[in-house]
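> Line by line, the protein sequences are chains C and P. So in the working numbering the end of the first sequence lands on 252, straight run, no missing numbers. So in the working numbering the end of the second sequence lands on 587, straight run, no missing numbers.
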Amino acid sequence: MVAKITNYEMASLGDSAIMVSLGTQVDEGTHQRVMMLSHYLEQHSFYGMIEYIPAYTSVTIVYEPLQVYMGMLQRAEADPEAGSELDLSPYEIVSKWLESVLQQVQHTAAAEPALVEIPVCYGGEFGPDLEFVAAQNGMSTTEVIQIHCSRDYLVYMLGFAPGFPYLGGMDKRISAPRKQTPRLVIPSGTVGIAGEQTGIYPISTPGGWQLIGRTPISLFLPDKNPPTLLKAGNRIRFYPISPIEYDQWSRI
Amino acid sequence: MGIYVIKPGVLTTIQDMGRFGYQKFGVVAGGAMDTLAYRVANILVGNEEAEASLEITVVGPTLYFEHAALIAICGAAFKPMIDGEELPLWRPVWIEAGQTLHMGSAKQGMRAYIAVAGGFKLPKPMNSYSTYLRAQIGGLEGRMLKADDVLQIRPPNERSTKIIDKLKRENKKGDSFASVSWKVSDELLPRYALQPVLRVLPGSQFEFFRPESLQSLFQEPFVVEPQSDRMGYRLKGAALQLKEARELLSEPVVMGTVQVPSDGNPIVLMADRQTTGGYPKIAQVISVDLPLLAQAQIGNPIRFELIDIKEAQRLKMIMDLSLLQLQLTIKMYSL
């Protein structure tokens, strides 16, 4: 089904990128429009386009201005009728192309997003802040785990670090403030909570999240294509495993 | 056989133009900080302009050439020496087998690039040679060079071979190295400065800042702070403040994005920036001026000047065309 996106704004992000905003709120409707445009750009590109980056409410397209301009000159030469773009800057050529794309992107919302299940060993050395999160919310650690595992989370976008998912949909009952002083090293695979967000650290980095557990699964796979376990638009679900199961997973 | 690392220097990594196509997975683009010096170095030795090269920082390496090689050194004012003689920068240089190249330290600027004809024989994870230290990917085992490393070199292409033949013929005296009598035109060379003026476009949240902060941005100098690195240049000057506090969503950032955390001190994002950021973006340094910032040293004052996107793109296209012209000139030289 062909859909039309009418509510959008475009702005330059430096001299070699353009950002298309498709909403102002983080919600599933905006996310669907972001995914529609992303799917289109996965299959179609213009001469000089380098890559696209989906985010919460926008898609950013990186391009090479000289190639965009040369592409336009070639088109104008091949078809003088279409030579009306000669006065346009690369930014204007790209915006014009995107405007026409937004008139006719394919509606892909019907496709059921892939569900990725993620085993997590909660508490103990893997989740030193689990008890803090429980105390903060006046519940037991078992309840925190049960609530954390009870919902599916939408991967709105990847960013911050390779394969790091920005997840939506955490239950507010297990929210917890960031740590006053960030830890210098958080091991890869650590699952954390910051405010009303939950996430997984794909590589070892410093960070201020409250750490509740760790997954033995690798989220960043530099030798594979795509190099990450998760993609924007996936849904994920956590399930608890024991330290023994964690060990067995890690040996695979 | 290859280039043997006697001393690695303080931060020597393999870099190319960056890892593009993977930012949607959160993978950092990375790549050379001073892309102009990097591209020119590769063009001068006859390589494709995005071939793997060494990025050296402040204190360079000492390298032993187990076999002869054609190299070019471009960027900051280093004083590279072989056998007590100084090598020219911004020119192709033929180095005989068994020679030791001492890069020494930069007299001015931060970074230089050593391109070798043929390029380094290394894996190319996610379509790039760039070293990304934090995730330990790319380059040589995802790390900076260390003593006793050996860098293998691929055979030079036809274009490089012609340059090599010519330099070999000219080096009849059997000197330890030989170079050409010409150099890259001054017009193409970056205008490195101790007090660079960086041209910027308005950032996505330009309008969110107080008018007096915007005025300071374009009228007062900002000094490079010691914590600056490949990820970003941290600057200090007038505190830049928003009209009102706002929560922003994380959204993509690019090289040159000037973001302002709540302390009001701007950070110009550089090669190893994260793919997304959540701080308000006051400005965006234009592509052609990024090499000037990549060479700025701690304590250097930086000034900003506002231009528009049409001008920024025109300047970038002119620079890219000049590099194409240089590439053609090198081709003709080897005719």
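The beta-carbon is built from N, C-alpha and C at its ideal position, and this holds for glycine as well. Please read these numbers as outputs of a predicted model, since none were measured by experiment.
If we cut at 7 Å on Cβ distances, does E28 (chain C) have a partner in chain P?
E28 (chain C) does not count as touching chain P.
> Is R178 (chain C) helix, strand or coil by DSSP?
Looking at R178 (chain C) - three-state DSSP - the assignment turns out to be coil, as it is neither helix nor strand.
> Do the CB positions of Q547 (chain P) and A328 (chain P) come within less than 7 Å of each other?
Against a cut-off of 7 Å, the Cβ pair of A328 (chain P) and Q547 (chain P) comes out as a contact.
> Give the straight-line distance between the Cα atoms of P80 (chain C) and Y47 (chain C), rounded to the nearest whole angstrom.
Their Cα atoms are separated by approximately 18 Å.
> Ends of the beta strand (DSSP E) at A430 (chain P)?
Its beta strand (DSSP E) spans residues 429 to 431.
> Quick one: grab the DSSP three-state call for A55 (chain C).
Three-state result, A55 (chain C): coil.
> Just how far apart, CA to CA, sit T352 (chain P) and R451 (chain P)?
Going from the Cα of T352 (chain P) to the Cα of R451 (chain P) covers about 40 Å.
> The beta strand (DSSP E) that contains H354 (chain P), what's its start and end?
Looking at the DSSP string, the run of the beta strand (DSSP E) that includes H354 (chain P) is 352 to 354.
> Cα separation between A293 (chain P) and A302 (chain P)?
The alpha-carbon atoms of A293 (chain P) and A302 (chain P) are separated by roughly 10 Å.
> For a contact defined as C-beta to C-beta under 7 Å, what are the partners of P54 (chain C) on chain P?
Ordered by position in chain P, the residues that pass the 7 Å Cβ test against P54 (chain C) are K276.
> Rank C:L22, C:M49, C:V26 by C-alpha distance to the C-alpha of M36 (chain C) and give the top, closest one.
Cα-wise, what sits closest to M36 (chain C) is C:L22.
> Which residues in chain P have a C-beta closer than 8 Å to the C-beta of F160 (chain C)? List them in chain order.
Result: G278, S502, Q526, T527, T528.
> Please classify T581 (chain P): is it buried, with 16 or more other beta-carbons within 10 angstroms of its beta-carbon, or exposed?
That one is exposed.
> Going along chain P in order, which residues have a C-beta closer than 9 Å to the C-beta of S242 (chain C)?
Under the 9 Å cutoff, chain P gives no residues; its nearest Cβ is about 30 Å from S242 (chain C).
> Cα separation between G350 (chain P) and L419 (chain P)?
Taking the straight line joining both Cα atoms gives about 17 Å.
> Which residue wins for smallest C-alpha separation from I285 (chain C), given the options P:A281, P:G361, P:S539?
In the structure displayed, chain C extends from 1 to 252; residue 285 (chain C) sits before or after that span and is not available.
> Is the beta carbon of D79 (chain C) within less than 6 Å of some heavy atom of the ligand ZN?
Ligands displayed in this structure: none; no statement on the ligand ZN is therefore possible.
> Under 7 Å between C-beta atoms, does G76 (chain C) make it to chain P?
The displayed chain sequence assigns Ala, not Gly, to residue 76 (chain C). False, the Cβ-Cβ gap to chain P never drops below 7 Å.
> If we cut at 7 Å on Cβ distances, does A564 (chain P) have a partner in chain C?
It does: the Cβ of A564 (chain P) has a partner Cβ on chain C nearer than 7 Å.
> Specify the secondary structure class of A110 (chain C) as computed by DSSP and reduced to three states.
In this prediction, A110 (chain C) has a pLDDT of 46, which is less than 50 and means its spatial position is unreliable; what the coordinates show is noted afterwards. Correct three-state label for A110 (chain C): coil.
> Would you please verify whether the beta carbon of P377 (chain P) is less than 7 Å from any beta carbon of chain C?
Yes - at least one Cβ of chain C is within 7 Å of the one on P377 (chain P).
> Within its chain, find whatever has a CB closer than 8 Å to the CB of E557 (chain P); leave out the 5 residues flanking it on each side and keep chain order.
Once the five neighbours on either side are set aside, the close Cβ partners of E557 (chain P) are V449, L450, R451, V452, F470.
> Would you mind sorting Q275 (chain P) into buried or exposed? The rule is 16 or more other CB atoms within 10 Å of its CB.
When all chains shown are included, Q275 (chain P) counts as buried.
> Once the 5 residues before and after G516 (chain P) are set aside, which same chain residues still bring their CB inside 6 Å of it?
Hits under 6 Å: A491, L492, Q493.
> Leaving out the 5 sequence neighbours to the left and right, which residues in its chain are closer than 8 Å to V116 (chain C) when beta-carbon positions are compared?
The answer, listed in chain order, is L229, L230, N234, R235, I236, R237.
> State buried or exposed for Y444 (chain P), treating a residue as buried only when at least 16 other CB atoms are found within 10 Å of its CB.
Burial call: buried.
> Starting from the Cα of I295 (chain P), find the closest Cα among P:G283, P:A324, P:V310, P:S456 and give me that residue.
Among P:G283, P:A324, P:V310, P:S456, the Cα nearest to that of I295 (chain P) belongs to P:A324.
> Scan the region 168 to 247 of chain C and note each continuous beta strand (DSSP E) run of 3 residues or more that stays entirely inside, going in chain order.
As far as the region 168 to 247 of chain C is concerned, its whole beta strand (DSSP E) runs of at least 3 residues are 183 to 186, 190 to 194, 197 to 200, 205 to 207, 210 to 214, 235 to 240.
> At a CB distance below 9 Å, what residues from the region 143 to 154 of chain C approach chain P? Give them in sequence order.
Listed by position along the chain: nothing, the set is empty.
> Any C-beta of chain C within less than 7 Å: which residues of the region 451 to 467 of chain P qualify?
Those would be L453, S456, in chain order.
> Taking Cβ-Cβ distances below 9 Å as the criterion, which residues of the region 481 to 511 of chain P are in contact with chain C?
Of all residues in the region 481 to 511 of chain P, L501, S502, E503, P504, V505, V506, M507, G508, T509 have a Cβ within less than 9 Å of some Cβ in chain C.
> Which of helix, strand or coil does DSSP assign to R451 (chain P)?
Residue state, collapsed to three classes: strand.
> Quick one: Cα of G312 (chain P) to Cα of S380 (chain P), how far?
Distance between the alpha carbons of G312 (chain P) and S380 (chain P) is about 23 Å.
> Starting from the beta carbon of E99 (chain C), find every residue of chain P whose beta carbon is closer than 9 Å, and list them in chain order.
Here the premise fails: no neighbours, minimum Cβ distance about 17 Å.
> As a quick exercise: from C:P227, C:D171, C:D247, pick the residue whose alpha carbon is nearest that of F272 (chain P).
With distances taken between Cα atoms, F272 (chain P) lies closest to C:P227.
> Is S12 (chain C) close to chain P, meaning its C-beta is less than 7 Å from at least one C-beta of that chain?
Yes, because at least one Cβ of chain P sits closer than 7 Å to the Cβ of S12 (chain C).
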